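Under the numbering used here, the first residue of the sequence shown is numbered 152, with each subsequent residue one higher. From the three backbone atoms N, C-alpha and C, an ideal C-beta is built for every residue, glycine too. All values reported here derive from a predicted model rather than from experimental measurement. So the structure is just underneath, and the comments pick up after that.
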Amino acid sequence: MIIDVLQCLDKEIDKIKSLKTPIELNVLGSTALFLQSNYERKTKDIDFFEIEHTSSHPSFEASVIQKIGGKASGFHKLHGVFFEFVSKNILFIPQRPIFNTCDNINENFKNILLRVLDVHDVIVSKIKPYRPTDREDIKTMIEQGLVDHQKLVERFKLAMYKWELDRAYLFKDLIKNLNDMEQSFFEVEPSQFDLPRWADD
152 MIIDVLQCLD
162 KEIDKIKSLK
172 TPIELNVLGS
182 TALFLQSNYE
192 RKTKDIDFFE
202 IEHTSSHPSF
212 EASVIQKIGG
222 KASGFHKLHG
232 VFFEFVSKNI
242 LFIPQRPIFN
252 TCDNINENFK
262 NILLRVLDVH
272 DVIVSKIKPY
282 RPTDREDIKT
292 MIEQGLVDHQ
302 KLVERFKLAM
312 YKWELDRAYL
322 FKDLIKNLND
332 MEQSFFEVEP
342 SQFDLPRWAD
352 D
């Protein structure tokens, strides 16, 4: 289970450094869904929001996490999962993403403090790649009653607004994926959008 992997990370931090306060980690992607639902599948990585703006100058906290469980680390080889920090500029999510606290989960940890990306924002972020595993995640969240269609569309629009100036050329494909999701999983009519004129550029 993903919680077991995170508990192993928590214990490994003790071996490197005694911390006065826990490392705050904002959890993204499928792991955020696993921690907010009765659902889990195999995953190769656990994604966190990048703690600092540039990966070339990672924070002390990020350095600790990556030293323990970065790609190709001993932790990765042992557990089959590695930790990765992702820039918010890469993700298709609103400018102000919603993170939820998980007090019942954080009770299991001493050295890390988790906040998880809201289910709606996770699904919005999955509309861009829209791989089979993303579709599986989305379908399951909807079936578990964790997704409100209207709220999802509102968050989708806010994510579009963030990308409107420099990545509007992606909007048609994003809307196509959203509409497929709406028809396949919500069984509702596809949402319509007014696109900026430069979306065709």
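* **Limits of the unbroken beta strand (DSSP E) element including E175** => One-based indexing of the sequence shown puts residue 175 at position 24. Element bounds for E175: 174-178.
* Below 8 Å, can you find three or more Cβ-Cβ pairs linking the stretch 284-293 to the stretch 180-195? -> Contact annotation: the stretch 284-293 touches the stretch 180-195, with at least three C-beta pairs closer than 8 Å.
* To do: With DSSP collapsed to three states, give me the class of N251.
  => Here the question's residue 251 lines up with position 100 in the sequence shown. Here N251 sits in strand by DSSP.
* On the three-pair Cβ rule with 8 Å, is the stretch 162-170 touching the stretch 194-201? -> The answer is no - the stretch 194-201 does not touch the stretch 162-170, with fewer than three Cβ pairs under 8 Å.
* **Distance between beta carbons of S342 and V298, contact taken as under 8 Å** => In the sequence shown, residue 298 corresponds to position 147, counting from 1. In the sequence shown, residue 342 corresponds to position 191, counting from 1. About 14 Å; that fails the 8 Å criterion.
* Just reading off the beta strand (DSSP E) that I263 is part of, what are its end residues? -> Position 112 of the sequence shown, counted from the start, is the residue given in the question as residue 263. Note, I263: beta strand (DSSP E), 263-268.
* **Nearest-angstrom beta carbon gap, V215 and I174 [assumed within contact, 8 Å]** => Working through the sequence shown from its first residue, we reach residue 174 at position 23. Working through the sequence shown from its first residue, we reach residue 215 at position 64. Correct: roughly 7 Å between the Cβ atoms.
* Asked: By a C-beta neighbour count over all protein chains shown, 10 Å radius and 16 as the cutoff for buried, is S181 buried or exposed?
  -> In the sequence shown, counting from the first residue as 1, residue 181 sits at position 30. S181 should be labelled buried.
* For F211, write down the residues that DSSP places opposite it in a beta bridge. => Here residue 211 refers to the residue found at position 60 when the sequence shown is read from its first residue. Bridge partners of F211 according to DSSP: none are assigned.
* To do: May I ask which residues mark the beginning and end of the beta strand (DSSP E) holding D198?
  => Locating residue 198 in the sequence shown gives position 47, counting from the first residue. First-last of the beta strand (DSSP E) with D198: 196-200.
* Asked: When DSSP labels each residue in this structure, what does F344 get in the three-state scheme?
  -> Looking up residue 344 in the sequence shown gives position 193. F344 falls in the coil class under three-state DSSP.
* Asked: Using the rule of at least 16 other Cβ atoms within 10 Å of the residue's Cβ for burial, across every protein chain shown, is E212 buried or exposed?
  -> Position 61 of the sequence shown, counting from 1, holds the residue named residue 212. With 16 or more Cβ atoms within 10 Å of its Cβ, E212 is classed as buried.
* Can you list the alpha helix (DSSP H) stretches of 4 or more residues lying completely in the stretch 274-322, in chain order? -> As far as the stretch 274-322 is concerned, its whole alpha helix (DSSP H) runs of at least 4 residues are 283-294, 300-314.
* Compare the Cα-Cα distances from G221 to each of N262, E235, I244 and report the closest residue. => What you label residue 221 is simply residue 70 of the sequence shown in a count that begins at 1. Closest by alpha carbon: E235.
* Asked: Count the other CB atoms within 10 Å of the CB of K279; is the residue buried (16 or more) or exposed (fewer)?
  -> Here residue 279 refers to the residue found at position 128 of the sequence shown. Buried, by the Cβ-count rule.
* Can you have a look at P347 and say buried or exposed, based on whether 16 or more other CB atoms are within 10 angstroms of its CB? => Walking along the sequence shown from the start, residue 347 turns up at place 196. Exposed: under 16 other Cβ atoms inside 10 Å.
* With DSSP as the reference, label V156 as helix, strand or coil. => As a position in the sequence shown, residue 156 is number 5, starting the count at 1. In the structure shown, V156 sits in a helix (DSSP, three-state: H, G or I).
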